[in-house]
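Take a look at the structure below.
In our numbering, the protein residues as written are -11 to 593.
Rendered as structure tokens:
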């Protein structure tokens, strides 16, 4: 659009798509055409005469098409709710009718006058609710509540706990099951018929006298005779849940010559970007630590060997960090673990240890003080090769869906402006992608529970022993201002310290940096950590501020000093004492036998 026509008014057809292009953080309308004639602006590349790399300028961005007929805010008109929130907006009041002949009194007129109608003002789409406001009713986020919301069970309907009779053959077990306890389904758990108390499904199994520790498999719905495990599996295989965890396949527009990402791999912002010759990733020169445009082809860190920095066809992918590596480099650097299987082979010994420790924690509850417990989750697809129990996999997947609901309640919807994916949802479900910037396959979700009710959730990803990132952490409204997020944060810091991770980084808005620095011990990113960030794919947002926290050398005045505060310890025993105290905070067993929860109480946080 010509600059002289910038302020010229245009008549816009709401049924036609609007083709716009992005310049920095603003948008300019190129044209408005019918749906049958959608124009495409051809992006281009600027190439130097002696260089094979590709450099895309800000003015050559790909246009984006908006064709949402139901959204009144996208057609250039201001919504009524946004106008009501404008202090300069005044509503035009319709004048009252003037009756010349009035015989009744004022009291009679007021008595017969209909009640005054008021219009409820609600914030427009994309705006956060009023600060400090709380929903009218708190709904527990349990697996029972999840099944009720999806219509698999009905609240207050009859359920019962059954167990196989001893001595029965496998053919007669299905028809000869013994009912040990009866109850009714509640969102909080199960209401026992004998004592009329509401308890968790795990306590209901214990109350029934069973020690199988498989409540969802043995609790059946009387109406359908289906187990709660079957109900969870059916919901997990529903179209809604399948769509939430589908691989994010980013396909360029037909006929587009530019297939690369429009945002930087490091800072997630646009501008003048250099393009990788092997994948669709892009980056700023400054973000990659480059002073000038490199000669020849530029290849991103995820397309070269982690050890020799070469690119060829014999590259393997690390299951933990998604970095590429050569088999010969592992052998020559003595990084090869002969006990590792081909599916879980890591790029080095550090990634292998981190992966094994994280996988050993997935789905296992760890008790904390005050009746709280924390669990590490990651989406798992059951198959014949998985060594883990089907009961554990199904429960873990169900809690992933609940954790997403908690995060969706705590955060406004974050849509990536280039790919239009739901960022929080993709992170919670560990969705992979063919675009490195939005490849979230390595994310885990940590939850804090009380009586099977998820009250806090955080998403984490570990990049070897260099970095760990935590882009999202939130607590439900009923438990806010009670230190729940802090309890979960200290637990995660303890886990990272046991694994030997050096730094934890988070993205923060500018308004909350003082809170993170003053109360949680974070600080601005240093040059050493900033250099490490360029080697990894870490999640951030435009205009966000990255903060860091050292985990292995915590100062005594910081909130996490309790992890290594123990007077009278010799210097040689300091490292072991730090690991022991970290394990106690998180309720961990350093022998990695996580079949049962630890009996030790967590220290005061």
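Idealized CB from N, CA, C, for every residue including glycine.
Query	Result
How long is the line joining the alpha carbons of residue 531 and residue 494, rounded to whole angstroms?	13 Å
Quick one: what's got a C-beta closer than 7 Å to residue 197's C-beta in the same chain, skipping five residues either side?	168
Can you check which of these residues, 347, 206, 498 and 436, is closest to residue 359 by C-alpha distance?	436
With H, G and I counted as helix, E and B as strand and the rest as coil, what does DSSP make of residue 362?	strand
Between which two residues does the alpha helix (DSSP H) carrying residue 262 extend?	Note, residue 262: premise wrong, no alpha helix (DSSP H); beta strand (DSSP E) at 261 to 263.
So what does DSSP say about residue 433, is it helix, strand or coil?	strand
Quick one: what does DSSP say residue 282 is sitting in, helix, strand or coil?	coil
Taking C-beta to C-beta, are residue 513 and residue 535 nearer than 8 Å?	yes
For the beta strand (DSSP E) containing residue 509, name the first residue and the last one.	Note, residue 509: premise wrong, no beta strand (DSSP E); not H, not E.
If you follow the alpha helix (DSSP H) that residue 194 is part of, which residue opens it and which one closes it?	189 to 195
Step through the CB atoms of chain C and report whether any lies within less than 8 Å of the CB of residue 426.	Any reference to chain C falls outside this structure, which holds one protein chain only.
Do you know how far the Cα of residue 254 is from the Cα of residue 296?	22 Å
Rounded to whole angstroms, what is the Cα-Cα separation between residue 115 and residue 228?	Below a pLDDT of 50, predicted positions are generally treated as unreliable, and residue 115, at 33, falls in that range; the measurement from the model is reported next regardless. Cα to Cα, residue 115 sits roughly 25 Å from residue 228.
Hey, quick one: how far does the alpha helix (DSSP H) through residue 180 stretch, first residue to last?	That residue, residue 180, is in no alpha helix (DSSP H); its beta strand (DSSP E) goes 178 to 180.
Using CA coordinates, which residue listed in 537, 149, 474 and 181 is at the minimum distance from residue 166?	149
Tell me whether residue 142 is buried or exposed, calling it buried when 16 or more other Cβ atoms sit within 10 Å of its Cβ.	exposed
Suppose the cutoff is 6 Å on Cβ atoms and the five residues either side in sequence are ignored; what does the same chain contact list for residue 245 look like?	none
Beta-carbon within less than 6 Å of residue 457's beta-carbon, same chain only, minus the 5 sequence neighbours each way: which residues are those?	449, 493 and 526
Given that a residue counts as buried once 16 or more other Cβ atoms are within 10 Å of its Cβ, and exposed if not, what is residue 400?	exposed
Within a Cβ cutoff of 7 Å, which residues of the same chain sit near residue 452, ignoring the five residues on either side of it in sequence?	309, 338, 339 and 342
Starting from the Cα of residue 429, find the closest Cα among 441, 438, 415 and 439 and give me that residue.	415
Let's see if you can read the secondary structure: which residues bound the alpha helix (DSSP H) around residue 484?	472 to 487
When the Cα of residue 335 is compared with those of 189, 264 and 314, which residue comes out closest?	314
With DSSP as the reference, label residue 314 as helix, strand or coil.	coil
Is it the case that the Cβ atoms of residue 238 and residue 422 are separated by a distance below 8 Å?	yes
With a threshold of 16 other CB atoms inside 10 Å of the CB of residue 204, please say whether the residue is buried or exposed.	buried
Per DSSP, what kind of secondary structure is residue 151 in: helix, strand or coil?	strand
Are the CB atoms of residue 538 and residue 476 within a distance shorter than 8 Å?	no
Measuring alpha carbon to alpha carbon, tell me which of 364, 485 and 468 ends up nearest residue 454.	485
Is the distance from the Cβ of residue 126 to the Cβ of residue 395 below 8 Å?	no
Check each candidate in 178, 144, 248 and 403 and name the one with the smallest Cα separation from residue 528.	403
Identify, in the order they occur along the chain, each residue of the same chain with its Cβ nearer than 7 Å to the Cβ of residue 257, setting aside the five sequence neighbours on each side.	251 and 530
Apart from the five residues just before and just after residue 294, which ones in its own chain have a Cβ nearer than 7 Å to its Cβ?	311, 312, 313 and 335
Decide yes or no for the touch test of the stretch 179 to 186 against the stretch 127 to 137: beta carbon pairs closer than 8 Å, at least 3 of them.	no
Is residue 462 helix, strand or coil when you go by DSSP?	strand
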